[in-house]
Structure formats: structure tokens, C-alpha cells
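Residue numbers (my numbering): 1 to 360. Written below as C-alpha cells is the structure these notes are about.
Pasting the structure below:
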């Protein structure tokens, strides 16, 4: 148990790095923030090195189930828990929900995915209905909160806390007005939009604009690797794939790129940390209009999937012709990050007050 300001405690059951992704990184930092405000018992799950990638989903569910039982047996007080996605929601419904119902504990349920907010998922409906007033639902943005409460009337208690609150990134102001390099950063797959990125670079070439293009991130699908290799080989002097980047390598990647493209089609995409990392570094980010992204970025930088290649290419072509406009965009990126960070701090403070009152 960690010391606290309020001398009250929350029992945290969560997945933290590894694996390294936006959700686990935010979970780790959220737990750290909780422990600075409340006493916490931490029941954390990470991926051991001996667990193969394809076995991780099964291992993860068994580990969470075990940690949840341990938390309920050894402690009293509320449980903080992160709702899963896709097939993992079956575990939430069939394994975790009965334990929550039996224990009658207050719950803080953190939602990090958008897939069950695009359309109603009966499993989430049962979870929110049966937990009712006992659950406080934490979401990432206003539109998430609205959709959650519209689709799941049982989720009456909901509050938005942006991921920006949990990212310790200093704002960078760029001095250069030159647009020379585009970047793609993420877990590389078709769903994450790497092919849209490559098509946008090709469209720029047709428009007579040649920019460097650098792709960074892990690749699991061999067919995607083959497509990236072909893309690089079309113009090896200006295109590259540099593999996964973490820590200082990621910082150097972001510092060396002028515009980040984030044309994701991933159904779980909610409030991508990568976008915040981009704008915090003074870099415009062009993205698709899914999840919370329209609230993260200026509206002129957000496009539908169908329009992305054409509209992104024309905006980039304009920025190349008009350096003053591009420089203004870099300043807007930095300003947007400061605004998002300030709003998220206020949201988190409201959350602390609600939890504190609940535990009083």
C-alpha cells in the first residue's frame, strides 16, 4: 500500500507495460497518479518474456482473473478496473462481472476503446446495467461519454479524463518553417493505416511534391512488410522503414519528422497517445475522423477514410508552397497540446474530488 494525501485506498487491477502500447502506458501513469492522491493496493499484470505473442491474450485473461480474486480476498474498498475489448469483453462478462456482483464493491471502470461505442454491444450493456450506480465510468473524451451514456443507460455515472493528463511531455516550439519529411508511427498494420500513408506519399508524387517518408513501428504481418519494402524500393533515397522505436529513439524520430500521418481505421481507436506526442513536439498531425480524434486535432487536419489521401495530399502540397502557413500549423500544434493538457488536468481534478467524496 502506498502513502496518500487522503489516507483512503483504491484497489487497482490493471495491465501495465510490457507490452508497450498507449493503453498500458496510460494505465501505468494513471496508477501512479492515483497513488499520489489515495492509498492504493496494486494488482498489476505485465507480459512475461516467456509468453509468446499469440498466447498473450489467454495468459492476460487468466492473470487478470487471478489478480482480481486476490484483490477481493485481501482487501476492502473500491476496485479500479480497465474494461477490455473484442473477445476480451467475454472475460469481463463471464469471469469478472460475477466477482463484482458477489463482492458488491464500488467500481471505477476505465474505458480505453471505442469499438463498443460505434454500435451497441450487448455484453457491455449487461455489464453496465447490472453494475448500475456502483460503477463510475471513466472515458477519454466528451464524445465517448455521450456515446456511452446513450448506448448504455446503465452507465449513469461517467466522467471524461483525457490521456493528456498522464503524458509527461514538454511542449516543443519548432523554429523551421520547412516541410521536408512525413512520418508514420505505430503498431504497423492495415487497420492502423500504413497503406493509406504510403498512398498519400504516392499521391504527392503525382502532384509533383517529393517529401521524405519514414515509417517506424513493429510489423507482425509479413504481407504488410512486403508492401512496405516495395514502397521503400520505389524511392530508396527518400523513403525508409526504421523498425520499432522506443524511449530516446522515438523522441529522435518525432524531432526529425515535420508532419505525422495517422490514418487509422482501427475499430478500437479512441484517443491515440501518438497524436498527443506529435502535437506536443510542435508537429501537425493529419488523421482520420474516428474515436476521439476529432476532439484532439483542429478540424482542418481530420478527414474521413474515403477522403484522406486526396485531402491530406492537397493540404501538404499547400504547406510546401506556403511555408508561412506550415509554420503557423506547427504553432497551432503546440498550442493545441497545451490546451488539451490543461483541460485534462481539470478533468482529473474533478475525478479526484468525486472519488474522495465517494470514499468519505
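The beta-carbon is built from N, C-alpha and C at its ideal position, and this holds for glycine as well.
Residue i: buried (16+ other C-beta within 10 angstroms of its C-beta) or exposed?
i	result
residue 346	exposed
residue 101	exposed
residue 145	buried
residue 76	exposed
residue 73	exposed
residue 323	exposed
residue 208	exposed
residue 90	exposed
residue 338	exposed
residue 239	buried
residue 6	Bear in mind that a pLDDT of 42 at residue 6, under 50, signals an unreliable position, so the number given afterwards is only what the model happens to contain. The residue in question, residue 6, is exposed, as its Cβ has fewer than 16 Cβ neighbours within 10 Å.
residue 284	buried
residue 313	buried
residue 153	exposed
residue 92	buried
residue 358	exposed
residue 124	buried
residue 53	exposed
Can you name the residues that DSSP bridges to residue i?
i	result
residue 27	DSSP lists no partner for residue 27.
residue 181	212
residue 107	79, 135
residue 11	41, 79
residue 123	Beta-bridge pairing links residue 123 to no other residue.
residue 288	303
residue 259	182
Determine the direct distance from the alpha carbon of residue j to that of residue i, and round the result to whole angstroms.
i	j	result
residue 108	residue 192	29 Å
residue 247	residue 218	14 Å
residue 214	residue 186	12 Å
residue 37	residue 321	50 Å
residue 171	residue 104	44 Å
residue 55	residue 64	14 Å
residue 279	residue 98	42 Å
residue 28	residue 121	27 Å
residue 59	residue 51	8 Å
residue 11	residue 96	15 Å
residue 156	residue 137	8 Å
residue 309	residue 203	7 Å
residue 401	residue 181	This structure cannot settle anything about residue 401, because the visible part of the chain is limited to 1 through 360.
residue 327	residue 169	21 Å
residue 198	residue 241	12 Å
residue 201	residue 295	26 Å
residue 39	residue 68	18 Å
residue 288	residue 141	16 Å
residue 332	residue 205	27 Å
residue 70	residue 43	8 Å
residue 413	residue 116	Because the chain in this structure spans residues 1 to 360, residue 413 falls outside the shown range and cannot be described.
For residue i, tell me which candidate among the options has the shortest Cα-Cα distance.
i	options	result
residue 317	53, 178, 135, 344	178
residue 352	183, 239, 280, 165	165
residue 139	162, 180, 354, 153	162
residue 114	326, 304, 309, 290	290
residue 26	323, 335, 272, 98	272
residue 286	227, 117, 300	300
residue 132	117, 142, 94, 158	158
residue 30	348, 66, 354	348
residue 292	275, 189, 283, 66	275
residue 62	13, 333, 34, 41	13
residue 235	295, 134, 210	210
residue 410	297, 359, 244, 35	This structure does not reach residue 410, given that the chain is present from 1 up to 360, and the question cannot be answered.
residue 269	86, 332, 233, 39	86
residue 355	341, 342, 135	135
residue 336	350, 302, 282, 315	282
residue 88	189, 57, 118	57
residue 362	78, 160, 265	The structure shown does not extend to residue 362, since the chain is modelled only from 1 through 360, so no value can be given for it.
residue 226	250, 340, 194	194
Does the beta carbon of residue i sit closer than 8 Å to a beta carbon anywhere in chain B?
i	result
residue 316	The displayed structure is made up of one protein chain only, and chain B is not part of it.
Check your understanding: Between the segment 222-233 and the segment 147-159, are three or more C-beta pairs nearer than 8 Å?
Key -> The segment 147-159 and the segment 222-233 do not touch, with fewer than three beta-carbon pairs separated by less than 8 Å.
Review point. Any contact of the segment 253-273 with the segment 69-83, i.e. 3+ C-beta pairs under 8 Å?
Key: no
Practice item. Check whether the segment 41-52 touches the segment 9-24, counting contact only when three or more Cβ pairs, one atom from each stretch, lie closer than 8 Å. Key: yes
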